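*Asks:*
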Amino acid sequence: MGSLFSKQFERRKNIKAEKKTLCDLNENCGESYPGSDYRPADRKNWMAGLGVDKVYINKIVWPGTHDSATNKIGIPFITRPFAQCQSLSVYQQLVKGTRVLDIRVNENRRVCHGVLTTYGIDVVIGDINKFLWETQSEVIILEIRTEFGHQDPPEFEKYLEEQLGEYLIHQDEHVFGKTIAELLPKRIICVWKPNKSPRPQSGSPFWNAGHLKDNWIQGFK
């Protein structure tokens with residue numbers, strides 16, 4: 001328990017330093033960029049509001065969440081405060097505008113954060129499918145990785161393709177130069193990061209780790 005408190009203290013120090021870095025960037029570079037004045041009233045459909053035939057994938061600023069499926073992880077008031085990074089479900093986050101999801105799994109296809117586990121990946125898949133069913137032009141980056149210290153779930157790519165296949169955008173470098181409209185009806189860029197299994201290759205329904213660099217700013221929800 002002492003080590004957990006030590007980590008929380010260290011995180012607070014990091015947050016303070018990161019806030020200063022962001023303030024310095026804002027002062028030196030400003031906070032304006034093409035589209036920064038866009039304030040959609042309907043966050044559930046904010047991509048559609050931009051005009052899907054005009055917006056290129058490599059020009060989008062993608063809002064995302066860290067450890068996205070930890071809203072019910074651990075034991076309330078005991079272990080949950082140390083592992084819960086989000087208090088909303090995946091579906092609720094998508095409705096509020098999140099478009100990059102960070103999901104960690106263990107060998108049993110359960111979502112986890114370190115040693116703590118929560119519901120199965122099927123709950124996440126259900127939330128994603130519900131959101132995509134209710135919208136028409138929203139694209140999601142779904143990053144799924146095997147959590148450190150765990151084994152890769154057996155036949156996981158097969159499972160994901162069975163559940164999400166109709167929406168999966170296949171790995172292709174040309175995707176980044178396309179508009180949203182050119183990708184539809186495909187709407188998920190799924191980045192799969194296994195620990196030991198072979199990395200997805202070009203043409204696969206899944207993308208490998210080289211296409212999504214992690215640079216999370218640590219913070220409290």
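Using full-length UniProt numbering, the letters of the sequence shown map in sequence onto residues 1 to 221.
For each residue, glycine too, the CB sits at the ideal point set by N, CA and C.
All values reported here derive from a predicted model rather than from experimental measurement.
1) State the beta-bridge partners of T146 as determined by DSSP.
2) Measuring only the C-alpha atoms, how far is D67 from H113?
3) Would DSSP call W62 helix, strand or coil?
4) Within the stretch 69 to 121, note down every full alpha helix (DSSP H) run reaching 4 residues or more, in order along the chain.
5) What do you reckon, are the CB atoms on C190 and L142 nearer than 7 Å?
6) In its own chain, which residues sit with a C-beta less than 7 Å from the C-beta of I188, not counting the 5 before and 5 after it?
7) Count the CB pairs spanning the stretch 178 to 186 and the stretch 146 to 165 that are closer than 8 Å, and state whether there are at least three.
8) Buried or exposed: where does L150 fall if 16 or more other Cβ atoms within 10 Å of its Cβ makes it buried?
9) State the DSSP-derived secondary structure class of L160, mapped to helix, strand or coil.
10) How many angstroms separate the CA atom of R99 from the CA atom of T70?
11) Please work out which residues of its chain come closer than 6 Å, Cβ to Cβ, to T118, disregarding the five sequence neighbours upstream and downstream, and give them in chain order.
12) Could you tell me the distance, in whole angstroms, from the CA atom of K193 to the CA atom of N208?
*Replies:* On the basis of the supplied data:
1) As a first step, residue 146 is located in the sequence shown; it is residue number 146 there, counting from the start. The partner list for T146 (beta bridge, DSSP) reads V105.
2) What you label residue 67 is simply residue 67 of the sequence shown in a count that begins at 1. What you label residue 113 is simply residue 113 of the sequence shown in a count that begins at 1. For D67 and H113, the distance between alpha carbons rounds to 7 Å.
3) Taking the sequence shown and counting its residues from 1, the one referred to as residue 62 is at position 62. Coil.
4) 80 to 83 and 90 to 95
5) As a first step, residue 190 is located in the sequence shown; it is residue number 190 there, counting from the start. As a first step, residue 142 is located in the sequence shown; it is residue number 142 there, counting from the start. Yes, the Cβ-Cβ distance between C190 and L142 is below 7 Å.
6) Looking up residue 188 in the sequence shown gives position 188. For I188, where only same-chain residues beyond five positions count, the Cβ hits under 7 Å are I140, L142, L164, Y167, L168 and I169.
7) no
8) Working through the sequence shown from its first residue, we reach residue 150 at position 150. Per the sequence presented here, residue 150 reads as His, with Leu not at that position. Buried: at least 16 other Cβ atoms inside 10 Å.
9) By 1-based counting over the sequence shown, the position of residue 160 is 160. Helix.
10) For the purposes of this step, residue 99 is identified with residue 99 of the sequence shown, where counting begins at 1. For the purposes of this step, residue 70 is identified with residue 70 of the sequence shown, where counting begins at 1. When rounded, the distance between both Cα atoms is 16 Å.
11) Residue numbering aside, residue 118 sits at position 118 when the sequence shown is read from its first letter. Closer than 6 Å at the Cβ level, and outside the excluded window around T118, lie K72, I73 and V111.
12) The sequence position of residue 193 within the sequence shown is 193, counting from 1. The sequence position of residue 208 within the sequence shown is 208, counting from 1. Rounded to the nearest angstrom, the two C-alpha atoms are 6 Å apart.
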